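With positions in the sequence shown counted from 1, the corresponding number in the numbering used here is that position plus 83.
Where is the CB? At the ideal position from N, CA and C, for every residue including glycine.
Just so we're clear, the structure is a prediction, and the values are computed from it rather than from any experiment.
Here is the structure we will look at, set down as structure tokens.
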Amino acid sequence: MGTWMQSVAQAWLVLELTGDPFLLGLVAAMQFLPVTVLGLFGGLLADALPKRRTLIATQVAQLVLAFALFGLVASGLVEVWHIVVFAALLGISNAVDMPTRQAFVVEMVGREDVANAVALNSAVFNGARIVGPAIAGLVIGAVGGDTSIAFLVNGLSFLAVICGYALMRDEELNLPPLLARPTSVADVRMTLAEGIGYVRRTDLVLMATIVVGLASTFGMNFGVIIPALAREVLHTDATGYGFLMAASGIGSFSAAMLIAFSGRSQPAIVGGGALVLGLALLTAAAVHAFVPALVAMAFVGMGAIAMAATANTTIQLNVPDELRGRVIAVYTTVFVGSTPLGGLLVGFIASRAGVEASLAVSGVACVAVGVAGLAWLRRIRARARAATHAPGNVAPAGARAEVSSGRAAR
């Protein structure tokens with residue numbers, strides 16, 4: 084919850100300091116660019132180092148950053164360049180934290196329960212996404228626009244996370260053998276290439292990664308476009324912005340719970356989620372009233388998390404344990420790393436042509452990606468059927484694993 088409170092506060096603070104949607108995109112770019120540049124190395128570390136201890140280290144780093152930013156904001160010394168620098172430092176931490184945290188799911192629950200675990204993790208994440216922005220908006224509005232409280236709460240929230248990891252015991256986890264640590268640049272290149280090569284060879288993993296990457300570029304830059312929508316189009320304040328973000332969280336939470344309790348995770352939901360995301364963004368571009376915008380944002384969240392959670396599950400169920408960190412790093416690099424480009428693009432369009440135009444462009448792009456993803460999946464299934472019926476042949480990599488990716492633990 085604290086992280087979502089800080090996200091709302093940070094975006095609102097940038098708008099208060101500059102009033103420029105493009106700078107929102109710049110901050111988002113600086114926060115997520117390190118994931119693009121360093122994410123694959125983070126996956127290598129996830130396979131080579133004990134994941135629980137690595138996660139404790141990344142959480143401590145993020146705690147320090149949150150408290151430092153709180154101090155700058157509370158003292159009135161904060162400037163935009165401070166926010167940009169702290170966003171970049173947070174991105175460096177996330178480059179290691181994200182692939183490690185995703186790969187750690189299997190160590191906690193085992194492969195047989197990974198589909199349910201991923202969906203439930205998404206539900207918890209988006210439950211916080213519902214509460215966090217709403218509380219942040221209410222608190223910031225109640226204290227006259229002072230955003231420092233959100234950074235303080237976020238810093239304190241990391242204490243609970245760190246304690247949770249510290250209380251876990253290695254003997255209770257499903258720990259795979261650690262990757263031998265590379266001793267040369269050639270070893271690093273080879274180990275990274277193993278993860279990338281697996282993604283390229285495995286049809287379902289490649290489809291899920293590319294669809295999510297493209298849809299994220301255009302359709303999941305909420306921290307850039309939603310503050311501008313709230314302020315410039317709907318003419319609301321930080322409280323209204325918080326409720327818009329909370330509405331997307333409600334949609335996300337609903338989708339995650341449906342996936343978790345349905346017991347199935349169909350790869351078609353990856354493309355279908357991108358399609359819903361695009362249609363909802365087009366709706367948000369067309370409405371100019373607060374309540375319809377809330378409804379549109381709920382469907383934005385629903386489509387986004389249905390796509391992302393299903394892609395995550397599909398990949399987790401189709402990757403061997405010894406490659407998990409590196410393959411997940413490819414996915415998180417594409418997923419999160421697409422935000423710098425998308426944030427700058429969406430912010431640029433909003434600053435030049437208006438918020439509605441930016442939402443419309445994003446919506447059209449996501450619809451196209453969703454349709455293309457569904458068509459791609461049909462081709463994968465057709466090749467799998469043809470290979471299955473051909474004497475002496477087997478289905479292509481990834482396609483023959485689709486049955487397992489469609490079933491969660493009973």
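Check, Outcome
"Check whether A94 and L106 have beta carbons under 8 Å apart", "no"
"Within the stretch 356-425, ranges of the alpha helix (DSSP H) (whole runs, at least 4 residues)", "373-399"
"E162, DSSP secondary structure in three states", "coil"
"Euclidean distance between Cα positions of V161 and L172", "16 Å"
"Limits of the alpha helix (DSSP H) - the one that E99 falls within", "G85 to T101"
"Sufficient close CB pairs (3 or more, under 8 Å) joining the stretch 113-121 to the stretch 418-431", "yes"
"Reference S240; option with closest CA among T266, L148, A329 and L287", "L148"
"Which listed residue (Q145, S158 and V163) has its alpha carbon closest to that of M181", "Q145"
"Spatially closest choice to G519 from L262, E195 and A392, by CA coordinates", "Outside the displayed range of the chain (84 to 493) lies residue 519, so it cannot be described from this structure."
"Sequence-distant residues of its chain with Cβ nearer than 7 Å to S487 (five each side left out)", "Since pLDDT at S487 reaches only 42, below the 50 mark, its modelled position is unreliable, and the value read off the structure follows with that caveat. So the qualifying residues of the chain are L400."
"Buried versus exposed, by CB contacts within 10 Å (16 or more), A492", "At A492 the pLDDT is 35, less than 50, meaning the model places this residue with poor confidence; the figure from the coordinates comes in the next sentence. Exposed."
"Check whether G220 and A321 have beta carbons under 8 Å apart", "yes"
"Which listed residue (P104, G85 and V163) has its alpha carbon closest to that of F150", "G85"
"Cβ-Cβ distance between A494 and A202 below 8 Å", "No statement about residue 494 is possible, as the shown extent of the chain runs from 84 to 493 and does not include it."
"Local Cβ density within 10 Å of A484, reported as buried at 16 or more and exposed below that", "In this predicted model, A484 has a pLDDT of only 49, less than 50, meaning its place in the structure is not dependable; the value taken from the coordinates is given anyway. When all chains shown are included, A484 counts as buried."
"Integer-rounded CB distance, given that A389 should sit under 8 Å from A338", "4 Å"
"8 Å Cβ cutoff met for V450 and S441", "no"
"Helix, strand or coil at T274 [DSSP, three-state]", "helix"
"contact_flag[the stretch 380-388, the stretch 275-284] where n(CB pairs < 8 Å) is 3 or more", "no"
"With 16 other Cβ atoms within 10 Å as the buried cut-off, status of T471", "exposed"
"Coil, strand or helix - Q185 by DSSP", "helix"
"Test item: CB-CB of M380 and L327 under 8 Å", "yes"
"Chain-order list of residues whose beta-carbon lies under 7 Å from that of F115 (same chain, five-residue window excluded)", "G174, V419, G420, T422 and P423"
"Contact check, M251 vs R135, beta carbons under 8 Å", "yes"
"Three CB pairs or more closer than 8 Å across the stretch 366-377 and the stretch 233-247", "no"
"Expected contact under 8 Å - CB spacing of V179 and V189 to nearest Å", "Going by Cβ atoms, the distance from V179 to V189 rounds to 18 Å, so no, they are not a contact pair."
"Span of the alpha helix (DSSP H) around A243", "S231 to L250"
"Three-way DSSP call (helix, strand, coil) for P260 in this model", "coil"
"Beta-carbon gap between G215 and V307 smaller than 8 Å", "no"
"Alpha carbon of P310 to alpha carbon of P260, nearest angstrom", "45 Å"
"Residue from Q349, P265 and A330 whose Cα sits closest to the Cα of A367", "A330"
"Where L317 falls: helix, strand or coil (DSSP)", "coil"
"S231 versus V370: straight-line alpha-carbon distance, rounded", "32 Å"
"Coarse secondary structure for G58, derived from DSSP in three states", "Any property of residue 58 remains undetermined from this structure, which presents the chain solely from 84 to 493."
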